[in-house]
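K.L.:
Chains as they are written, first to last, in this note's numbering: chain Y, 40 to 367; chain A, 258 to 766.
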């Protein structure tokens with residue numbers, strides 16, 4: 040019996056990470072040809088902005104990727120960003136430091152995510168329904184409290200705005216945090232028992248249970264992480280503004296749009312709504328491509344609705360291409 | 258009519274199906290090479306071969322799923338070229354694939370007559386007639402299935418029977434292909450299937466019959482063809498060939514005895530099951546397993562036999578009884594807990610409950626022991642060590658794969674099954690629980706798996722094994738516990754361990 044062993048050939052890697060490779064190619068093309076149409080694209084100013092804008096989406100996309108890998112979905116991430124943002128700003132208004140508010144935001148995100156997990160896993164609700172409902176409740180709380188107005192308390196810790204708008208080593212702080220998040224989760228998913236177990240759960244829940252994994256806790260934890268990452272993104276978003284503003288199209292997208300963008304980013308990166316698939320790098324690249332495209336369309340002077348139109352088209356084309364390659 | 262040829266008197270007994278020089282390759286892999294096969298009218302033609310020999314590809318070509326690279330197929334004397342299973346069906350080739358393909362939320366009758374419901378007024382479905390026709394058909398076969406029931410509510414084997422009736426009776430097919438039709442049928446259903454096959458033969462329908470169960474082949478087939486490595490090795494009348502010869506042809510080498518030489522168990526009891534009860538499934542089941550003993554569990558579908566191992570492993574709500582292993586009473590709660598207490602478990606359905614199909618061979622082999630064997634600080638995976646170990650398991654079990662990084666779903670059934678068993682070779686356990694350890698697996702893989710099971714027992718472990726293949730139980734086990742109506746109806750050992758005795762205990766009340 041002849042047995043051969045892994046050849047990590049270039050072509051082998053390429054077929055394994057086809058989505059990622061496609062996106063990198065796409066980015067390369069965008070950066071090479073982008074400046075031909077708008078010179079501003081490659082200026083340090085724009086890249087600085089772009090990386091900050093992209094960081095919020097990337098962070099929530101990492102959470103979404105985790106949830107999609109285990110075959111779930113989290114439609115509440117946009118609402119979590121909002122609710123956590125509101126409470127964070129209120130807490131800062133009450134005199135808390137930016138650091139305390141930061142820890143509070145993460146804890147609150149974890150709790151909200153855990154609620155989703157408990158409803159899905161122990162309440163046996165479909166994640167689509169559970170997270171749609173919790174998201175609705177959170178948005179409801181935000182809108183009832185604010186009546187749609189901004190919340191801008193005086194005298195809040197100036198460090199808060201510094202985190203949202205400042206730079207470290209030439210990078211916007213949110214982008215630096217995003218890089219840390221991506222690396223941390225990439226490493227966790229590829230090098231730890233936790234990551235392997237999450238993939239096992241996503242690949243076959245029954246089998247995962249039969250090899251002795253605590254599938255319920257594992258699934259719950261994934262929703263919790265998704266909530267925490269959404270909370271982090273919410274904190275960074277409102278740190279940029281220094282105030283809380285209820286989400287509208289004018290403030291960079293409604294909660295629902297954030298969800299759609301995150302799902303799109305993960306699927307672009309090779310994830311699947313059917314579960315079992317997806318990588319952290321893929322989610323990062325998917326989110327980055329979306330951010331680059333949006334930025335580019337803005338620079339070309341296209342209106343916000345036309346941007347959405349183009350973005351949706353790109354999603355269809357990229358996903359179709361990926362599927363086609365998969366079958367071949 | 259001098260000088261003219263009278264065609265009518267010139268009828269030649271044509272073959273039902275002729276396959277000439279068919280070749281097929283997927284990429285570099287030549288799956289079929291210049292294959293010739295004829296199927297006579299009204300015969301049952303068994304197709305034998307190890308997994309990967311090309312049987313599946315051949316039937317997929319005949320039934321229009323794949324297209325041959327070369328060669329020609331003649332059906333009833335005329336050349337055919339089917340592009341889809343649907344075309345093949347219309348053309349008279351009905352295929353019964355291994356996977357059940359029914360619509361779960363429709364009734365049995367609706368499934369039987371899907372697309373061919375009796376009509377009234379031209380467009381309305383005649384429900385009364387639909388149900389009475391279907392019921393009559395089922396009754397004639399002596400099956401106890403209610404035609405108005407939803408498919409979903411039937412047992413897997415009943416579902417399979419409905420599928421068989423549909424494929425065989427509805428299409429007016431002249432060729433019927435059956436791929437492992439008896440895989441999860443009980444004896445009564447197998448008998449019903451065989452009487453259907455007899456009926457079809459009488460009508461002149463030809464059947465290609467694929468099964469790993471040698472006894473069935475000799476019971477039902479007229480001729481047998483053996484495939485190996487994509488080539489036809491030999492076609493023979495069933496009378497002119499023996500079981501051993503078939504196996505030799507399939508494997509291409511002399512095979513050691515199918516079942517390994519067993520060492521007798523020790524006297525010391527290693528596992529003690531006392532009054533195990535699962536409401537509605539098991540009632541006070543008790544037995545003991547000694548060190549080095551392989552204990553079989555047998556029983557018909559619905560007897561509760563399949564629940565015994567699941568209950569031991571924590572997959573059924575146990576409502577009473579105790580389980581002791583090495584003198585310690587186990588807490589039966591869930592698989593995690595069971596594994597922590599030293600139980601290893603191979604589920605009967607490797608695809609649904611066992612393997613991570615879209616993950617690699619390596620991943621599948623070590624997923625269960627990552628934390629215990631391959632983690633620093635219980636968290637960071639020692640990838641290299643895990644790889645080395647899974648490589649050893651691949652080698653030890655002779656798993657055929659292009660490498661540890663190959664997706665396990667791309668392996669043949671036998672190799673998948675080896676991996677499923679193989680993942681429990683890495684840790685150390687106190688008792689081994691196996692369900693259908695060789696389901697849907699070719700003989701070569703069977704021998705290897707039996708050898709591993711034997712090795713586990715020889716190392717001193719108690720092994721409990723459920724199987725629907727009685728010969729396997731008889732060949733492997735020291736004793737067999739027979740379950741009927743959720744109770745132990747007998748424990749057989751030594752000379753009493755025969756098919757007849759097991760069946761008698763399983764059936765009569």
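Glycine included, C-beta positions come from ideal geometry on N, C-alpha and C. These figures come from a predicted structure and were not determined experimentally.
Between which two residues does the alpha helix (DSSP H) carrying residue 598/A extend?
P.N.:
Segment: none, residue 598/A is in no alpha helix (DSSP H) and carries neither H nor E.
K.L.:
Identify the continuous beta strand (DSSP E) that holds residue 330/A and give its terminal residues.
P.N.:
Element bounds for residue 330/A: 327-332.
K.L.:
In the structure shown, what three-state DSSP assignment does residue 532/A receive?
P.N.:
Here residue 532/A sits in strand by DSSP.
K.L.:
Examine chain A for any beta-carbon lying closer than 7 Å to the beta-carbon of residue 242/Y, and answer yes or no.
P.N.:
So yes, residue 242/Y belongs to the interface.
K.L.:
Below 8 Å on the Cβ atoms is my guess for residue 571/A versus residue 592/A; work out the distance and round it to an integer in Å.
P.N.:
With a Cβ gap of about 5 Å, residue 571/A and residue 592/A count as contacting.
K.L.:
Taking residue 457/A and residue 425/A to be in contact with their CB atoms under 8 Å, please state how far apart those CB atoms are, rounded to whole angstroms.
P.N.:
With 8 Å as the limit, residue 457/A and residue 425/A qualify as a contact, their Cβ atoms being about 6 Å apart.
K.L.:
Rounded C-beta distance between residue 678/A and residue 709/A? I'm assuming under 8 Å.
P.N.:
That pair is a contact at about 6 Å.
K.L.:
In chain A, what lies closer than 9 Å to residue 248/Y by C-beta?
P.N.:
Those within 9 Å of residue 248/Y in chain A are 572, 591, 592, 593, 610.
K.L.:
Run down chain Y in chain order and give the residues with a C-beta less than 7 Å from the C-beta of residue 628/A.
P.N.:
Result: 232.
K.L.:
At the level of alpha carbons, what is the spacing between residue 289/Y and residue 220/Y?
P.N.:
Since pLDDT at residue 289/Y reaches only 49, below the 50 mark, its modelled position is unreliable, and no value is offered.
K.L.:
Kindly indicate if chain Y contains any beta-carbon less than 7 Å away from that of residue 283/A.
P.N.:
Cβ-Cβ to chain Y under 7 Å: no for residue 283/A.
K.L.:
Using DSSP's beta-bridge definition, name the partner residues of residue 723/A.
P.N.:
Residue 723/A is bridged to 554/A, 692/A.
K.L.:
For the alpha helix (DSSP H) containing residue 563/A, name the first residue and the last one.
P.N.:
Note, residue 563/A: alpha helix (DSSP H), 562-570.
K.L.:
By how many angstroms is the C-alpha of residue 216/Y removed from the C-alpha of residue 672/A?
P.N.:
C-alpha separation (whole angstroms): 45 Å.
K.L.:
Using the C-alpha atoms, what's the distance from residue 687/A back to residue 203/Y?
P.N.:
Going by the C-alpha atoms only, they are around 57 Å apart.
K.L.:
Is there contact between the segment 718-736 of chain A and the segment 549-568 of chain A, where contact requires at least three CB pairs shorter than 8 Å?
P.N.:
Result yes; three or more Cβ-Cβ pairs closer than 8 Å.
K.L.:
Which residues does DSSP list as the beta-bridge partners of residue 436/A?
P.N.:
BP columns for residue 436/A point to 467/A.
K.L.:
Hey, does residue 333/A have any beta-carbon neighbour from chain Y nearer than 7 Å?
P.N.:
By this cut-off, residue 333/A is not an interface position.
K.L.:
Would the segment 580-590 of chain A and the segment 756-765 of chain A be scored as touching if the rule is three or more Cβ pairs under 8 Å?
P.N.:
Output reads no: the segment 756-765 of chain A does not touch the segment 580-590 of chain A.
K.L.:
When you compare only the Cα positions, how much space is there between residue 386/A and residue 324/A?
P.N.:
Taking the straight line joining both Cα atoms gives about 40 Å.
K.L.:
Where does the unbroken alpha helix (DSSP H) through residue 329/Y begin, and where does it stop?
P.N.:
Taken as a continuous stretch (DSSP letters only), the alpha helix (DSSP H) holding residue 329/Y covers 319-338.
K.L.:
Quick one: any contact between the segment 288-308 of chain A and the segment 474-491 of chain A, if contact means 3 or more CB pairs under 8 Å?
P.N.:
Yes: at least three Cβ pairs fall under 8 Å.
K.L.:
Return yes when the Cβ of residue 123/Y is within less than 7 Å of the Cβ of residue 148/Y, no when it is not.
P.N.:
It is a contact, given that the beta carbons lie within the stated cut-off.
K.L.:
Compare the beta carbon distance of residue 285/Y and residue 179/Y with 7 Å and say whether it is the shorter of the two.
P.N.:
Result no, Cβ atoms of residue 285/Y and residue 179/Y do not sit closer than 7 Å.
K.L.:
Roughly how far, in whole angstroms, is the beta-carbon of residue 575/A from the beta-carbon of residue 599/A, given that I think they are within contact range, below 8 Å?
P.N.:
17 Å between Cβ atoms; not a contact.
K.L.:
Within the 7 Å Cβ cut-off, does residue 596/A reach chain Y?
P.N.:
Yes, residue 596/A counts as interfacial toward chain Y.
K.L.:
How would you list, in chain order, the residues of chain A whose beta-carbon sits under 9 Å from the beta-carbon of residue 161/Y?
P.N.:
Within 9 Å Cβ-Cβ: nothing; residue 161/Y doesn't reach chain A, min ~14 Å.
K.L.:
From 665/A, 640/A, 280/A, pick the residue whose C-alpha is nearest to that of residue 627/A; which is it?
P.N.:
Of the listed residues, the one whose Cα sits closest to residue 627/A is 640/A.
K.L.:
Helix, strand or coil for residue 219/Y per DSSP?
P.N.:
Residue 219/Y: helix per DSSP, three-state reduction.
K.L.:
Shortest alpha-carbon distance to residue 280/A belongs to which of 273/A, 298/A, 312/A, 605/A?
P.N.:
Comparing Cα positions, the closest option is 312/A.
K.L.:
Exposed or buried, which one is residue 340/A when buried takes at least 16 other CB atoms within 10 Å?
P.N.:
Residue 340/A is exposed by the Cβ-count criterion.
K.L.:
Would residue 239/Y and residue 119/Y qualify as a contact pair, given that the criterion is a beta-carbon distance under 7 Å?
P.N.:
No, the Cβ-Cβ distance between residue 239/Y and residue 119/Y is not below 7 Å.
K.L.:
Using the C-alpha atoms, what's the distance from residue 322/A back to residue 271/A?
P.N.:
For residue 271/A and residue 322/A, the distance between alpha carbons rounds to 25 Å.
K.L.:
Chain Y partners of residue 636/A, CB-CB under 8 Å?
P.N.:
Under the 8 Å cutoff, chain Y gives 231, 232, 233.
K.L.:
Could you tell me how far apart the beta carbons of residue 116/Y and residue 298/Y are, in whole angstroms, since I believe they sit closer than 8 Å?
P.N.:
Right, the Cβ-Cβ distance comes to about 6 Å (below 8 Å), so this counts as a contact.
K.L.:
Can you list, in chain order, the residues of its chain whose CB lies under 8 Å from that of residue 288/A, leaving out five sequence neighbours each side?
P.N.:
Excluding positions up to five away in sequence, the list reads 281, 282, 311, 314, 487.
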